[in-house]
Amino acid sequence: MLLLKSRSRRGRQRKVLKGLLLLAVISVGLLFVPDTLRSGKQKYIAWKRDRALEQARNAFKAKDFSKASIALQVALGADRLSPEVWRTIADMSEAAGAREAILQRQQVVFLTHGAFDDQLALALTALRFGDMFIARDALSTVPPEQREASSYMRVAALYAMMEGSGGVAEALLSAVVKTDQGDAVRISLATVRMSNPDKAVAVAARQELAGMAQNSKLAAQALRELLGDSILRSDWAGARAWAEKLVELPDATFSDRLSQATLFLLRDKKPLVELLTDLEKRATTSPENVVSLVRWLHGQKQAGLARLWVDSLPVELRENDLVKTARLEVAFAQKDWAGAGELLHQNAAGPIPDEVLRLAMAARAEADVKGD
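If you count by the working numbering, then the sequence shown holds residues 110 to 481, one letter each, in order.
Set out below in structure tokens:
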């Protein structure tokens with residue numbers, strides 16, 4: 110009897126040990142299988158993100174902005190915390206002239222915990238859109254030990270120039286040029302020195318830039334700086350001469366022609382209609398030029414004329430995503446809330462929930478009724 114009880118007890122013990130062993134095996138499996146699955150999932154997410162980013166860049170390069178936007182949404186959906194996704198979004202927003210690029214650069218800085226290159230990119234983008242406060246904050250958060258880098262000093266010099274601190278900018282660029290003799294640095298330094306209180310220094314800088322203007326690779330940028338300097342000094346004869354040389358260059362931009370047109374309009378009092386004959390013809394060569402002309406006309410307080418012209422464009426240009434953005438700006442300027450609402454529904458300002466759009470239009474209409 111005792112022998113039977115002993116055998117029964119040993120049998121139960123073996124079953125318990127087998128059960129514990131099986132449980133241990135399962136537990137070990139549970140520890141490793143999720144890591145394997147997680148690794149596979151991460152690889153898939155990275156592949157999906159990178160593929161979408163590549164598609165977005167290719168589409169943007171081909172000026173297919175709708176396809177680029179869709180691809181970016183896929184990339185963002187795959188990996189919302191990827192700095193590279195936000196960098197790409199910011200790059201494209203900035204290239205399209207959208208101020209939202211500042212917020213997107215800030216998101217990159219947040220995700221990279223204030224990486225040096227991303228701080229400088231944020232400062233540059235803020236400066237491009239004239240946000241001196243954000244640019245200053247971005248530069249001030251760079252650690253002191255990194256402020257001796259030439260890349261930092263170049264951005265800091267640009268900030269100083271825009272702030273009107275020519276002396277600070279000149280000192281920074283003079284330090285940079287000791288180790289960087291690149292054309293961009295030399296042009297920047299000469300540009301700053303044109304504002305030097307010492308007339309001899311200023312004259313020498315203008316002569317240096319005039320010499321650079323003889324170099325086909327440097328001519329366009331050198332002439333732009335000379336043009337800007339002449340306008341600042343109210344040297345209108347000089348400004349006309351530089352503008353004329355600038356627009357004759359093979360790499361002159363449509364913006365260069367708009368600068369010349371501004372001189373003709375404001376200083377020579379040429380009729381706007383006469384200027385528009387050539388500008389409208391050149392503008393239709395690309396959506397970017399169309400947007401530039403619309404915004405230029407808006408700046409000349411000719412939003413109505415801008416709208417008449419853009420409404421007369423071929424459908425493929427008028428319905429281009431970039432052009433829609435400019436049309437939206439004109440609609441707002443003319444307080445055409447119905448037209449603005451229609452363009453917003455067409456994602457002229459990016460995807461906006463219908464409820465938010467409805468409330469915004471209702472609030473704007475109510476403000477108009479009250480005269481606000």
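Glycine residues also receive a C-beta, built at the ideal position from the N, C-alpha and C atoms.
Closer than 8 Å by C-beta to residue i: which residues in its own chain qualify, once you throw out the five before and the five after it? Chain order, please.
| i | result |
| --- | --- |
| residue 407 | 415, 438, 439 and 442 |
| residue 313 | 302 |
| residue 221 | 192 and 227 |
| residue 411 | 381 |
How far does the alpha helix (DSSP H) with residue i in it reach, from first residue to last?
| i | result |
| --- | --- |
| residue 327 | Run containing residue 327: none; DSSP gives neither H nor E here. |
| residue 454 | 446-454 |
| residue 407 | 396-408 |
| residue 356 | 345-356 |
| residue 320 | 308-321 |
| residue 238 | No alpha helix (DSSP H) contains residue 238, which DSSP labels as neither H nor E. |
| residue 432 | 430-442 |
| residue 269 | 259-272 |
| residue 208 | That residue, residue 208, is in no alpha helix (DSSP H); it is neither H nor E in DSSP. |
| residue 175 | 174-187 |
| residue 386 | 381-392 |
| residue 301 | 292-302 |
| residue 286 | 275-286 |
| residue 413 | 412-420 |
| residue 427 | 424-427 |
| residue 224 | Unbroken run through residue 224: none, as it is neither H nor E. |
Go through its chain and collect everything with a Cβ distance to residue i's Cβ below 6 Å, but skip five positions before and after it.
| i | result |
| --- | --- |
| residue 234 | 203, 210, 211 and 214 |
| residue 142 | Confidence is the limiting factor: at residue 142 the pLDDT is only 48, short of 50, which leaves the residue's position unreliable, though a coordinate-based value still follows. Within the same chain, residue 142 has no close Cβ partners at all. |
| residue 244 | 232, 235, 236 and 268 |
| residue 340 | 348 |
| residue 161 | 180, 183 and 184 |
| residue 292 | 327 |
| residue 294 | 285 and 286 |
| residue 133 | For residue 133, the pLDDT reaches just 45, beneath the cut-off of 50, and the residue's location in the model is therefore unreliable, although a value from the coordinates is still provided. Excluding positions up to five away in sequence, the list is empty. |
With a threshold of 7 Å on Cβ separation, who are the neighbours of residue i within its own chain once the five nearest residues in sequence on each side are excluded?
| i | result |
| --- | --- |
| residue 69 | In this structure the chain extends from 110 to 481, so residue 69 is not present and cannot be described. |
| residue 379 | 373 |
| residue 262 | 281, 284 and 285 |
| residue 177 | 165, 168, 169 and 201 |
| residue 289 | 259 |
| residue 140 | Residue confidence for residue 140 is low, a pLDDT of 44 falling below 50, so the modelled location carries little weight and cannot support an answer. |
Tell me whether residue i is buried or exposed, calling it buried when 16 or more other Cβ atoms sit within 10 Å of its Cβ.
| i | result |
| --- | --- |
| residue 396 | buried |
| residue 330 | buried |
| residue 400 | buried |
| residue 241 | exposed |
| residue 224 | exposed |
| residue 219 | exposed |
| residue 279 | buried |
| residue 217 | buried |
| residue 433 | buried |
| residue 377 | exposed |
| residue 338 | buried |
| residue 300 | buried |
| residue 333 | buried |
| residue 171 | exposed |
| residue 417 | exposed |
| residue 375 | exposed |
| residue 250 | exposed |
| residue 315 | buried |
| residue 270 | buried |
| residue 197 | buried |
| residue 365 | buried |
| residue 158 | buried |
Just to check my reading of the structure: residue i and residue j have Cβ atoms closer than 8 Å, yes? What is that Cβ distance to the nearest angstrom?
| i | j | result |
| --- | --- | --- |
| residue 184 | residue 194 | 5 Å |
| residue 346 | residue 372 | At roughly 11 Å, the Cβ-Cβ gap does not stay under 8 Å, so residue 346 and residue 372 are not in contact. |
| residue 419 | residue 436 | 6 Å |
| residue 238 | residue 201 | So it is not a contact: roughly 15 Å between Cβ atoms. |
| residue 259 | residue 277 | Residue 259 to residue 277, Cβ: 16 Å. No contact. |
| residue 355 | residue 361 | 6 Å |
| residue 388 | residue 402 | 6 Å |
| residue 336 | residue 368 | 7 Å |
| residue 363 | residue 322 | Residue 363 to residue 322, Cβ: 20 Å. No contact. |
| residue 275 | residue 305 | 7 Å |
| residue 431 | residue 205 | 6 Å |
Please confirm if the region 176-196 is in contact with the region 146-161, defined as three or more CB-CB distances below 8 Å between the two stretches. yes
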